[in-house]
Ligand code: ADP
Ligand code: MG
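Numbering (the working numbering), first residue to last: 592 to 1305.
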């Protein structure tokens, strides 16, 4: 890759004129919305009445699927899929790699007479057997019994994936081993949803709200990403192979002026976003918000919230669509948490809430009774996050996210809760309030007093907190942009299930006469013991790190440290109790995630060395020779003016080249050791020298596109 390629890429972009790819007719949204989804409406059309009724009970009410209707459902699905030009079906699942997996089977079956029958049976729908021996399982399956099986998840509707020359019916499934262990992210997610919903049901009963509807967990996941021109991307082997730049000096201008955030969206980007929205709407993914983010070339898309399991699937699809549509527009969509050093990284804000279809438990109530329910839920979460902050941290641990957590734009690795001043005040009032009659004017009696109005903006100002109350939900901001939402929501559901369980156990012992008093006491106790997790200040400040340590809050700085907490006895006990993971499932995940981390760092180390030796070193040597020749030339001519200064230039670059050689050798040794810590240190030293060289070596011969080009030319 010579500098010619880099210059050529930029010249080509400059000449480009991207035409609009889409013509949007006036009623396009209503025409396209959900058209590639096997929705209830479609099912009604394609299914016999009684079968449809039974399926609705499974989809809407969580009733177990009646195997007797599988053939009918499969047949309807096939008819519908064929009408969408599908030739294949696939069980679509989410292995521990963090992405989605699919193996296609065609509907084709031969009758022996050269004729074709299009077949898709109930059995094909309900279970699949991908030969999945190559997925990471952390020792859950030995290869001699390699087959896992996929099981249909009827609560997430089947959908059509379109390609250029046809389409595929995708059936969302869970992926398990034959002994029943979960090999994927969906299975434990479904288990955790069930765990928390069971407790919500109990809580509602305690409060006499049996008619509030079926419990539901909701998620709205804001997705951040970068776009860069594909031609520039192709000149960066580090982006191609690791998703992030391993080298690159800071440009003079990056995000200092804050002029990108919410700025006017460039036409080429808007054309991309418009097509993304269209593709998502076809799949009934409710894309809602789109805007420029803080860093140059960084953007965000957010859907309207949905039921958690569906929302997780939808986010997985969204990431895929972002990548695919970007490609069609000559872009590459970078979902890595930190593609560029020195500017903001990308996160995935996880907006989570619990309630029922008719009631959000995290919405401050209008009357004292509803307030009590809200405050009880709030306290359950406060305790859960305080007791299990380590697990929340674990759920965000990954090589990519290590660059983000604790750096200056993302929440720190210390987990704390932001409530806002007013709500914190309420909490403090409960703490000092008395159960019977309170004389203090600033004491709060639960079930008697009303909450002061909490305007949304007062709860939403602090953007530095990892776990923030934002009016009617909690926003967990630590997850990384490329991570599946399943991981952190498994944790949130499970830890909240535990505290709700504890609270319900107390409340169920009460009579109507003692209910309020007991509730007040229970909440007071929680607040007294767990309010240390509440922090409304600046989570980026050094003072907070010190203060958090004083409060005994864990600060798990990197992935290996964080992951270790996963297998703590107390955590294994928790997962077992709520049926979310058995012990071997926890151990296997620990192994899979740790191995993934180590492998990623090893790849980065190898690649950094390769780029430094084969691209940066030759450029530096060329520059050195150029400078030395120029000096020599002057001397030959007998010119002495400025030669002393040039001599110092030559020795400076000589020194840098020397450092470069030495640091490459060190990285080589570190790579051989395979130890992430050593590799990271050696890579960072090497990068400093290389980035320094970038500002000395002639622009003509610098081989890698620069930050000023990657982030600004598109
Ligand atoms: P921000 O101010 O953090 O950028 P946005 O308005 O962009 O917030 O996104 C907020 C997200 O929270 C949206 O996806 C929205 O649908 C979601 N949300 C709103 N209410 C709930 C709720 N009750 N449960 C889960 N998510 C919710
Ligand atoms: Mg947000």
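For glycine and all other residues, C-beta sits at the position ideal for the given N, C-alpha and C. Just so it is clear, the structure is predicted and the values come from calculations on it, not from any experiment.
Heavy atom of the ligand ADP less than 6 Å from the Cβ of residue 1055, yes or no? No, Cβ of residue 1055 sits at least 6 Å from all heavy atoms of the ligand ADP.
Rank 665, 924, 916 by C-alpha distance to the C-alpha of residue 754 and give the top, closest one. The residue with the shortest Cα to Cα distance from residue 754 is 916.
With 16 other CB atoms within 10 Å as the buried threshold, where does residue 707 fall? That one is exposed.
Report yes if the C-beta distance between residue 759 and residue 742 is below 7 Å; otherwise report no. Not a contact, by the Cβ cut-off of 7 Å.
From the DSSP output, which residues share a beta bridge with residue 683? Partner(s): 763.
3-residue-minimum beta strand (DSSP E) runs that sit fully inside the region 1038-1113, ordered along the chain: Segments of the beta strand (DSSP E) lying fully in the region 1038-1113: 1058-1060, 1065-1067.
Grab me the residues of residue 979's own chain with a C-beta within less than 6 Å of its C-beta, minus the 5 sequence neighbours each way, in chain order. So the list reads 1086, once near-sequence residues are dropped.
Is DSSP giving residue 800 helix, strand or coil here? Three-state result, residue 800: coil.
So, is residue 1110 buried or exposed, given that buried needs 16 or more other C-beta atoms within 10 angstroms? Taking a 10 Å sphere around the C-beta of residue 1110, we find 16 or more other C-beta atoms and assign the residue as buried.
Put residue 838 into one of helix, strand or coil per three-state DSSP. Note: residue 838 maps to coil in three-state DSSP.
With respect to the alpha helix (DSSP H) encompassing residue 1179, which residues constitute its N-terminal and C-terminal limits? Start and end: 1174-1202.
Within 8 Å, do at least three Cβ pairs link the region 1207-1217 to the region 1111-1131? In short, these stretches do not touch, since the Cβ pair count stays below three.
Whose beta carbon lies closer than 7 Å to any heavy atom of the ligand ADP, going through the chain in order? Here the residues come out as 809, 810, 811, 812, 813, 879, 880, 893, 894, 895, 896, 940, 942, 943, 944, 951, 953, 1051, 1061, 1063, 1064, 1066.
Determine the extent of the alpha helix (DSSP H) in which residue 830 is found, giving its start and end residues. 828-833 is the extent of the alpha helix (DSSP H) around residue 830.
Between the alpha carbons of residue 749 and residue 1077, how many angstroms are there, rounded? Taking C-alpha positions only, residue 749 is separated from residue 1077 by approximately 19 Å.
Runs of 3 residues minimum, wholly inside the region 816-904: which ones carry the beta strand (DSSP E) assignment? Correct list: 878-883, 889-894.
For a quick check, are the C-beta atoms of residue 1204 and residue 1255 less than 7 Å apart? Contact flag set, yes.
First and last residue of the beta strand (DSSP E) that includes residue 940? Residues 939-947.
Buried or exposed (CB count within 10 angstroms, at least 16 for buried), residue 1021: Taking a 10 Å sphere around the C-beta of residue 1021, we find 16 or more other C-beta atoms and assign the residue as buried.
Please list, in chain order, all residues of the same chain as residue 693 whose beta carbon is under 6 Å from its beta carbon, the five residues on each side excluded. Excluding sequence positions up to five before and after residue 693, its CB lies within less than 6 Å of the CB of 681, 683, all in the same chain and listed in chain order.
Ignoring anything shorter than 3 residues, give me the beta strand (DSSP E) runs that lie fully in the region 611-660, in order along the chain. List check, beta strand (DSSP E) in window: nothing returned.
Residue 768 - DSSP class collapsed to helix/strand/coil: Reduced to three states, the DSSP call for residue 768 is strand.
Could you name the residues of the same chain whose beta carbon sits closer than 8 Å to that of residue 1192, not counting the 5 residues immediately before and after it, in chain order? Result list for residue 1192: 990, 1267, 1270, 1271, in chain order.
Buried or exposed for residue 895, going by 16 or more other Cβ atoms inside 10 Å? With fewer than 16 other Cβ atoms within 10 Å, it is exposed.
Mind checking whether the beta-carbon of residue 842 lies closer than 6 Å to any heavy atom of the ligand GTP? Within the structure as shown, the ligand GTP is missing, the only ligands being the ligand ADP and the ligand MG.
Under the three-state reduction of DSSP, which class applies to residue 753: helix, strand or coil? Look at residue 753 here: in three-state DSSP terms it is strand.
Own chain partners of residue 1302 with C-beta closer than 6 Å, once the 5 adjacent residues on each side are dropped: 887, 888, listed in sequence order.
Neighbourhood of residue 772 by C-beta distance below 6 Å, restricted to the same chain and skipping five residues each side: Around residue 772: 731, 1176.
Enumerate in chain order the residues of its own chain whose CB-to-CB distance from residue 645 is below 6 Å, with the five nearest sequence positions on each side excluded. Around residue 645: 657, 660.
For residue 1261 and residue 824, what's the separation of their Cα atoms in angstroms? Answer to the nearest angstrom: the Cα atoms are 28 Å apart.
Beta-carbon proximity of residue 629 to residue 668, cut-off 7 Å: In contact: residue 629 and residue 668 (Cβ atoms closer than 7 Å).
Between the Cα of residue 662 and those of 766, 863, 639, 746, spot the shortest distance and give me the residue it belongs to. Between residue 662 and the set 766, 863, 639, 746, the nearest pair of CA atoms involves 639.
Return yes when the Cβ of residue 1200 is within less than 7 Å of the Cβ of residue 1258, no when it is not. Between residue 1258 and residue 1200, the C-beta spacing is below 7 Å.
Relative to the alpha-carbon of residue 1094, which residue among 1080, 747, 1113, 1084 has its alpha-carbon at the smallest distance? Of the candidates 1080, 747, 1113, 1084, the one whose C-alpha sits nearest the C-alpha of residue 1094 is 1113.
Exposed or buried, which one is residue 858 when buried takes at least 16 other CB atoms within 10 Å? Residue 858 comes out exposed.
Would you tell me roughly how many angstroms separate the C-alpha atoms of residue 1016 and residue 1283, rounded to the nearest one? Note on geometry: alpha-carbon atoms of residue 1016 and residue 1283 lie some 51 Å from one another.
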